[in-house]
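Take 2 as the starting number for the sequence shown in the numbering used here and just add one per residue.
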Amino acid sequence: MSPSGTEPGDFVEFDMDLIEADRRQRLRDALNRARPILERETGVQLQLANDGNDLVLTTDGKIRFRASLAPDGRAIVTDLGSGDLL
2 MSPSGTEPGD FVEFDMDLIE ADRRQRLRDA LNRARPILER ETGVQLQLAN
52 DGNDLVLTTD GKIRFRASLA PDGRAIVTDL GSGDLL
């Protein structure tokens, strides 16, 4: 993201809500692409849900995978299914 049409000393305002919405949409898209693969590997049906500010994949009402976005844009999916230990 780069501001355009500004002069040195101008105050540039970034819309953090828009940035956060874009981040969540990119993460949601990545999880929707990964969900069928994870379902085949685990043998369970997964649903995409919100958990506060995080996106999670759940099964039987319990969180199975928690997702986050790395600073470089990679989606990080953490498997919580083995004893809820990271």
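Glycine included, each C-beta is placed from N, C-alpha and C at the ideal position.
Own chain, CB closer than 7 Å to residue i, minus 5 neighbours either side, in chain order
i	result
Val78	Ala35, Phe66, Ala68
Asp52	Ile64
Minimum Cβ-Cβ distance from residue i to chain D less than 9 Å
i	result
Arg67	Looking at the structure shown, chain D is missing, and only one protein chain is on hand.
DSSP three-state assignment for residue i, whether helix, strand or coil
i	result
Arg65	strand
Ala35	helix
Gln46	coil
Asp23	helix
Leu81	coil
Beta-carbon contacts of residue i that lie in its chain and below 6 Å, excluding the five residues immediately before and after
i	result
Val57	Ala50, Ile64, Arg67
Thr60	Val45, Leu47
Asn33	none
Anticipated Cβ contact below 8 Å, residue i with residue j, distance rounded
i	j	result
Ala31	Ala76	4 Å
Bridge partners - residue i, DSSP secondary structure assignment
i	result
Asp52	Asp55
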